[in-house]
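Mapping to the working numbering: the sequence shown position 52 is 57, numbers consecutive.
Note that beta-carbon positions come from the ideal geometry of N, C-alpha and C, so glycine has one too.
Note that the structure is predicted; figures quoted are calculated from it, not measured.
Take a look at the structure set out below.
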Amino acid sequence: TDAIARHHGGKTVYIKADMSKPAECRALVAKAAERFGSVDILVNNAGIQHVAPVEEFPIEKWDAIIAINLSSAFHTIAAAIPLMKQAGGGRIVNIASAHGLVASPFKSAYVSAKHGIMGLTKTVALELARDKITCNAICPGYVLTPLVEAQIPDQMKANKMDRDTVVREVMLDRQPTKEFVTVEQVAAAAVFLCSDAAAQINGTHISVDGGWTAQ
6 TDAIARHHGG KTVYIKADMS KPAECRALVA KAAERFGSVD ILVNNAGIQH VAPVEEFPIE
66 KWDAIIAINL SSAFHTIAAA IPLMKQAGGG RIVNIASAHG LVASPFKSAY VSAKHGIMGL
126 TKTVALELAR DKITCNAICP GYVLTPLVEA QIPDQMKANK MDRDTVVREV MLDRQPTKEF
186 VTVEQVAAAA VFLCSDAAAQ INGTHISVDG GWTAQ
């Protein structure tokens with residue numbers, strides 16, 4: 006990331022934060038503003054996953070997923086809003102999921118958190134509509150990332166399937182293209198939402214899911 010930024014004349018800074026802790030979420034934004042002078046764009050992309058039936062879902066996993074996948078976005082947004090207002094505008098992009106629109110078995114915490122992100126996105130958009138600050142979400146389908154790779158063993162256990170069957174019949178079954186979404190495709194959607202062309206796109210989402218949620 007740093008190399009890409011430098012290639013385009015940009016600068017980066019790494020700030021360590023435990024996204025399950027509200028104070029660290031807010032400090033992250035403050036430190037970024039201190040380093041760069043303002044916060045014009047906020048992309049909330051922190052996320053973890055655990056797959057299990059509701060009656061077997063560990064309480065600590067539920068709490069962690071809600072904290073990191075939902076509450077962290079609330080805290081970073083709350084910290085960024087005054088900075089964006091002071092700067093005269095800004096862009097907030099929340100990385101939600103197809104699971105912010107529909108549900109799947111064994112993902113109660115993740116689906117709950119992502120549906121919460123969609124509600125938060127709409128509320129923030131309405132509150133800031135006259136401040137030249139937009140808030141939108143991106144809802145990817147299955148993107149081949151370490152997070153997705155890490156849930157395959159849990160899916161194998163929950164569904165009693167081997168790895169190839171999980172990928173084919175669980176993960177890609179609902180994506181009509183039968184292809185994983187790429188990180189670059191999600192990033193391109195975020196870049197668009199942060200552009201001047203998207204100034205009147207507010208409180209909504211872009212699905213990047215190969216047609217999953219069209220079904």
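Residue i, enclosing alpha helix (DSSP H) - first and last residue
| i | result |
| --- | --- |
| Leu198 | Val188 to Leu198 |
| Arg168 | Arg168 to Val171 |
Three-way DSSP call (helix, strand, coil) for residue i in this model
| i | result |
| --- | --- |
| Arg11 | helix |
| Ser117 | helix |
| Thr218 | helix |
| Pro110 | coil |
| Val18 | coil |
| Ile206 | coil |
| Met24 | coil |
| Pro158 | helix |
| Asp4 | One cannot answer for residue 4 here, as it falls past the ends of the chain, which runs 6 to 220. |
| Thr6 | coil |
| Leu133 | coil |
| Ala101 | coil |
Alpha-carbon spacing of residue i relative to residue j, whole angstroms
| i | j | result |
| --- | --- | --- |
| Arg11 | Gly146 | 30 Å |
| Val34 | Lys119 | 22 Å |
| Ala32 | Asn49 | 15 Å |
| Phe41 | Arg168 | 44 Å |
| Thr126 | Lys165 | 36 Å |
| Asp159 | Pro58 | 11 Å |
| Ser25 | Pro87 | 22 Å |
| Ser102 | Ile143 | 7 Å |
| Ala203 | Ala92 | 18 Å |
| Val116 | Pro181 | 21 Å |
| Ala163 | Ala69 | 20 Å |
| Thr187 | Gly215 | 11 Å |
| Asn74 | His13 | 30 Å |
| Arg179 | Trp217 | 5 Å |
| Thr81 | Phe185 | 29 Å |
| Gly52 | Ala37 | 20 Å |
| Thr170 | Lys16 | 43 Å |
| Ala134 | Met161 | 44 Å |
| Cys199 | Ile46 | 7 Å |
Strand pairing of residue i, partner residues [DSSP]
| i | result |
| --- | --- |
| Phe164 | Residue 164 is actually Asn in this sequence, not Phe. Answer by DSSP bridge pairing: none, since Asn164 is not bridged. |
| Thr139 | Arg96 |
| Ile211 | Ile143 |
| Val148 | Val186 |
In chain order, which continuous runs of the alpha helix (DSSP H) of length 4 or greater are located wholly inside the stretch 28–86?
-> 64–71
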